[in-house]
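The opening position of the sequence shown corresponds to residue 313 in this note's numbering, with each subsequent residue numbered one higher.
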Amino acid sequence: MAVVFEKTKGLTDKETHYCPGCTHGIIHRLVAECLEELGLLGTTVGVASVGCSVMAYDYFNCDMVQAPHGRAPAVATGLKRALPQNTIFTYQGDGDLAAIGTAETVHAATRGENITIIFVNNAIYGMTGGQMAPTTLPNQVTQTSPYGRDVHTAGYPIRMCEMLSTLSGVAYAERVTVISPQTIRNAKKAIKKAFTVQKEGKGFSIIEVLSTCPTNWGMSPIEAMGWLKDNMIPYYPLGVYKDVSEEGVFPND
Numbered sequence: 313m314a315v316v317f318e319k320t321k322g323l324t325d326k327e328t329h330y331c332p333g334c335t336h337g338i339i340h341r342l343v344a345e346c347l348e349e350l351g352l353l354g355t356t357v358g359v360a361s362v363g364c365s366v367m368a369y370d371y372f373n374c375d376m377v378q379a380p381h382g383r384a385p386a387v388a389t390g391l392k393r394a395l396p397q398n399t400i401f402t403y404q405g406d407g408d409l410a411a412i413g414t415a416e417t418v419h420a421a422t423r424g425e426n427i428t429i430i431f432v433n434n435a436i437y438g439m440t441g442g443q444m445a446p447t448t449l450p451n452q453v454t455q456t457s458p459y460g461r462d463v464h465t466a467g468y469p470i471r472m473c474e475m476l477s478t479l480s481g482v483a484y485a486e487r488v489t490v491i492s493p494q495t496i497r498n499a500k501k502a503i504k505k506a507f508t509v510q511k512e513g514k515g516f517s518i519i520e521v522l523s524t525c526p527t528n529w530g531m532s533p534i535e536a537m538g539w540l541k542d543n544m545i546p547y548y549p550l551g552v553y554k555d556v557s558e559e560g561v562f563p564n565d
């Protein structure tokens, strides 16, 4: 019988700790497949953040470093400068990257650090019980916004790709999701391109992945995918927000 699919060598055999229906597992697989297919596994260092993905070091079959909460881009900066020939990536949720780690993210981007960030946006604080996050949608109900996010008191959700795309040091920024076979294929293509951008020394790259959180959204996995499609994508449109290879100008030239 012909083998049509097998587990990537980029993942370990560790049993996952994620909730049923969580899309972190899909994203892990895509990152691992891209590293394997690009021949980068042996020269890659990943940076695990704090959040639901805090134990990412158990799953990726490459060298991993654990960063303090929000500091993954700073840790990745140090790793890349010490090991410039290695591929360095961070794997971060919205609380880690867009709240406590906003400054690290913005400054690593504006410096044009030649690293890749995988940013998982599920519009909520997942690990700590479902509180409102910087990415929580207007009127979205969470544990700390039981009547829905009031933008007059809590402000508006932050759109990271749109913001970072304005910075000269950013070489590639794209927002994707993984709620269907087609979007999964598109997400893999984007992740592979981000690693290629780093391999070619073009600068900072970020892939934002809209993700579900069925447990804290209080939905079934199928309902969560439908909610993401109907609510998150209109507010966080998918697509390429910056690609210097298309513009013909590289930030580090």
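We put the beta carbon where it would ideally sit given N, CA and C, even for glycine.
**Prompt:** Which of the three DSSP states, helix, strand or coil, is assigned to residue 459?
**Reply:** coil
**Item:** Span of the beta strand (DSSP E), counted from its first residue to its last, around residue 433
**Value:** 428-433
**Item:** Inter-residue spacing [alpha-carbon to alpha-carbon] between residue 469 and residue 409
**Value:** 13 Å
**Message:** Could you tell me the alpha carbon to alpha carbon distance between residue 431 and residue 478, rounded to whole angstroms?
**Reply:** 17 Å
**Prompt:** Since residue 338 and residue 496 are thought to touch, with beta carbons under 8 Å apart, how far apart are those beta carbons, to the nearest angstrom?
**Reply:** 6 Å
**Message:** Could you tell me which whole alpha helix (DSSP H) segments of length 4 or greater appear in the stretch 367-455?
**Reply:** 384-394 and 414-422
**Prompt:** Counting along the chain, where does the alpha helix (DSSP H) carrying residue 351 start and finish?
**Reply:** Element bounds for residue 351: n/a, residue is neither H nor E.
**Asked** Looking at the structure shown, is residue 516 part of a helix, part of a strand, or coil, going by DSSP?
**Response** strand
**Request:** Consult DSSP for residue 489 and reduce its assignment to one of helix, strand or coil.
**Result:** strand
**Asked** Taking just the CA atoms, how far does residue 407 sit from residue 443?
**Response** 10 Å
**Asked** Under the three-state reduction of DSSP, which class applies to residue 547: helix, strand or coil?
**Response** helix
**Message:** Here's the rule I'm using: 16 or more other beta-carbon atoms within 10 Å means buried, otherwise exposed. How should residue 313 be labelled?
**Reply:** exposed
**Asked** Using the beta-carbon count (16 or more within 10 Å), is residue 519 buried or exposed?
**Response** buried
**Prompt:** How big is the Cα-Cα spacing for residue 542 and residue 534?
**Reply:** 13 Å
**Asked** CA-CA distance, residue 557 and residue 322?
**Response** 27 Å
**Message:** Would the stretch 421-437 count as touching the stretch 525-540 if we require 3 or more Cβ pairs under 8 Å?
**Reply:** yes
**Integer-rounded CB distance, given that residue 385 should sit under 8 Å from residue 402** = 6 Å
**Request:** Give the DSSP-derived three-state secondary structure of residue 538 in the structure shown.
**Result:** helix
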